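*Asks:*
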Amino acid sequence: MESKSNLVLILDYGSQYTHLITRRIRSLSVFSLCISGTSSLKSITDLNPSVIILSGGPHSVHAPHAPCFPDGFVEYVESHNVFVLGICYGLQLIVQKLGGVVDVGEKQEYGKMVIEVVGDKGLFGGKSVGDKQVVWMSHGDEAVKLPNGFEVVARSEQGAVAAVECAERRFYGLQYHPEVTHSPEGMDLLRHFLFDICGVSAGWKMEDVMEEEIKVIKSMVGPDDHVICALSGGVDSTVAATLVHKAIGDRLHCIFVDNGLLRYKEQERVMGTFERDLHLPVTCVDASVQFLSELKGVTDPERKRKIIGKEFISIFDAFAHDLEKKLGTKPTYLVQGTLYPDVIESCPPPGSGRTHSHTIKSHHNVGGLPKDMKLKLIEPLKLLFKDEVRELGRILDVPVAFLKRHPFPGPGLAVRIPGDVTQGNALDILRQVDEIFIQAIRDAGIYDEIWQAFAVFLPIKTTGVQGDQRTHSNAVALRAVTSQDGMTADWYYFEHKFLDDVSRKICNSVRGVNRVCLDITSKPPSTIEWE
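So the sequence shown is numbered by full-length UniProt numbering: it starts at 1 and just counts up by one.
(1) Secondary structure at residue 450, three-state DSSP: helix, strand or coil?
(2) Who does residue 479 pair with in a DSSP beta bridge?
(3) Quick one: is residue 401 buried, meaning 16 or more other Cβ sit within 10 Å of its Cβ, or exposed?
(4) Assign residue 500 to buried or exposed, taking buried as 16 or more other Cβ atoms, counted over all protein chains shown, within 10 Å of its Cβ.
(5) Nearest-angstrom Cα distance between residue 365 and residue 336?
(6) Which residues in the same chain as residue 330 place their Cβ atom closer than 7 Å to its Cβ, once the five residues preceding and following it in sequence are excluded?
(7) From the DSSP secondary-structure annotation, give me the bridge partner or partners of residue 466.
(8) Kindly indicate which three-state DSSP category residue 291 falls into: helix, strand or coil?
(9) Taking only three categories from DSSP, how would you classify residue 366?
(10) By DSSP, does residue 459 sit in helix, in strand, or in coil?
(11) For the structure I just gave you, are there three or more beta carbon pairs, one from the stretch 180–188 and one from the stretch 86–105, closer than 8 Å?
(12) What residues match up with residue 103 in a beta bridge as DSSP calls it?
(13) Quick one: is residue 525 buried, meaning 16 or more other Cβ sit within 10 Å of its Cβ, or exposed?
(14) With DSSP run on the structure shown, which of helix, strand or coil describes residue 74?
(15) Taking buried to mean at least 16 other C-beta atoms within 10 Å of its own C-beta, is residue 49 buried or exposed?
(16) Would you mind working out which of 23, 57, 15, 67 sits nearest residue 40, comparing C-alpha positions?
(17) Taking the runs of the alpha helix (DSSP H) that are 4 residues or longer, which of them lie wholly in the stretch 167–237?
(18) Pick out whichever of 71, 390, 6 has its Cα sitting closest to the Cα of residue 38.
(19) Count the other C-beta atoms from every protein chain shown that fall within 10 angstroms of the C-beta of residue 141, then say buried if there are 16 or more, exposed otherwise.
(20) Counting C-beta neighbours from all protein chains within 10 Å, is the total for residue 201 16 or more, i.e. buried, or is it exposed?
(21) Between the alpha carbons of residue 512 and residue 388, how many angstroms are there, rounded?
(22) Using 8 Å as the threshold, is the stretch 291–306 in touch with the stretch 189–198, meaning 3 or more CB pairs across them?
(23) Have a look at residue 416 and residue 431 and give me their C-alpha separation to the nearest angstrom.
(24) Rounding to the nearest angstrom, what Cα-Cα distance links residue 84 and residue 219 in this structure?
(25) Where does residue 541 fall in DSSP's three states?
(26) Taking 8 Å as the threshold, find out whether the stretch 479–490 comes into contact with the stretch 450–457 through three or more Cβ pairs.
(27) If you follow the beta strand (DSSP E) that residue 34 is part of, which residue opens it and which one closes it?
(28) Once you ignore the five residues that flank residue 392 on each side, which residues in its own chain have a CB closer than 8 Å to its CB?
(29) Looking at the secondary structure, which residues open and close the beta strand (DSSP E) in which residue 12 lies?
(30) Under three-state DSSP, which class holds residue 112?
(31) Please name the residue in 226, 131, 426 whose C-alpha comes closest to that of residue 375.
(32) Using 10 angstroms around the beta-carbon of residue 465, count the other beta-carbons present and answer buried if the total reaches 16, otherwise exposed.
(33) Could you have a look at residue 319 and say whether DSSP puts it in helix, strand or coil?
(34) Can you tell me whether DSSP reads residue 386 as helix, strand or coil?
(35) List the residues that DSSP assigns as beta-bridge partners of residue 256.
(36) Confirm, please, whether the CB-CB distance from residue 424 to residue 262 is below 9 Å.
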């Protein structure tokens, strides 16, 4: 029998926690991937996992078309000694498919519950019968008769099945989510399951990921092939480019476009990092006049985005053609900083009624690239999460201050000036206000606590008194939020003294501003950006 890879494979049945379990396992230095729960047997066997986890999901195993692992799955895992752990829906699949009985529950619900160990072995080896712990349990369908050879090793206080196992056949199941923080002892259980029961070794390191990616890029890109990359000044594209540069050197050609919508001194700061610290081959194209003349008078947010996307493509296209003239050959590859959540999000879970499209959200593609540009993609980060990309960046010597930068939207300041971005000197005012705000946040030592902070230019004039004069000037808003991943966010609680200082500083040093507001809305109901 061939030796198995040290991979823990998650089969996704649509649980909202699937990303989380993948990340939790990686945090134990074990490589983990997530694929659709209805994938073919071949796509599972090709990955040659040593452990398979069947995720939770919103379905009932009794529903018509309830998603399930492929035919031949049970025979495969048993003949290859693969360990299987079912979580919630996954547990019910195991019970139902191996000959047990699952009763239909009235409704699916989650909640904190206390469970009690009734079998001190296997999953709860190292615990004693009668030990209790709090877990995030999912109720709904319930396993009422277990397949032959299975036993219950934990129950809820109400007597419901909380954990089952059949050590001989290497099947294990939990009726709760060990990966969420509401199950405080969940990580201990995962650790015990992976290392003590399955005998997986904790050898997955970012250094290995880097070596592996460099090998892959070298073998993929032919010795005479050239590669292009659009740098946004953000963490993902920078780390991706640095990795590719390490693999193929100056056959990588980067472009950084100043679209006239960047922050204060952004072009020189970002170009400084690229050239001085990372030694990346970057062409800087200052296209601010081109962008701003196209945007003049445009107020509709969606049209603004479309124009910016279209202009970007035409500049990128011109860059590729110039390069071709210079090199005497067409560039073959395009580097993109796609991350794992984008990949997972673009493969909807089974049962959601959507098919598995591999379209990554359009703004990740900087507005999508021209149809006739026949470039093959290199996506060296597509199996990594944001925190892992930052770690990889550290190993690649990307400056730490750069890696900790707050996200910045592709359309830049256009989404921070409601209405026409070219009105008056709105861009100039906004840049100065934003710089004062961000610098104050850095000086206060709170930059790293905040997910994103920025200023917004309000397209209204308000009355003020400055000196002994009445003024009729602009109002600005400040926004700062905390978030784990940008999907939901809370506004950041500044100290009043901080806000007082920042407000005075802005009104005293930025001409044309006489009022400062603070945005105190979470997401939902608001988005993080104003447009």
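Cβ atoms here follow ideal geometry from the backbone N, Cα and C, with glycine treated the same way. Keep in mind the model is a prediction, meaning the values are calculated, not measured.
*Replies:* Let me spell this out:
(1) coil
(2) 454
(3) exposed
(4) exposed
(5) In this prediction, residue 365 has a pLDDT of 43, which is less than 50 and means its spatial position is unreliable; what the coordinates show is noted afterwards. The alpha-carbon atoms of residue 365 and residue 336 are separated by roughly 8 Å.
(6) 324
(7) 469
(8) helix
(9) Caution applies to residue 366, whose pLDDT of 42 falls short of 50 and renders its modelled position unreliable; the value that the coordinates give is listed next. Coil at residue 366, not helix or strand.
(10) strand
(11) no
(12) 142
(13) exposed
(14) helix
(15) buried
(16) 67
(17) 186–191, 206–220
(18) 71
(19) buried
(20) exposed
(21) 43 Å
(22) no
(23) 11 Å
(24) 34 Å
(25) Because the chain here runs from 1 to 531, residue 541 falls outside it and cannot be looked at.
(26) yes
(27) 32–36
(28) 206, 209, 210, 239, 243, 381, 384
(29) 8–12
(30) strand
(31) 226
(32) exposed
(33) helix
(34) helix
(35) 231, 284
(36) no
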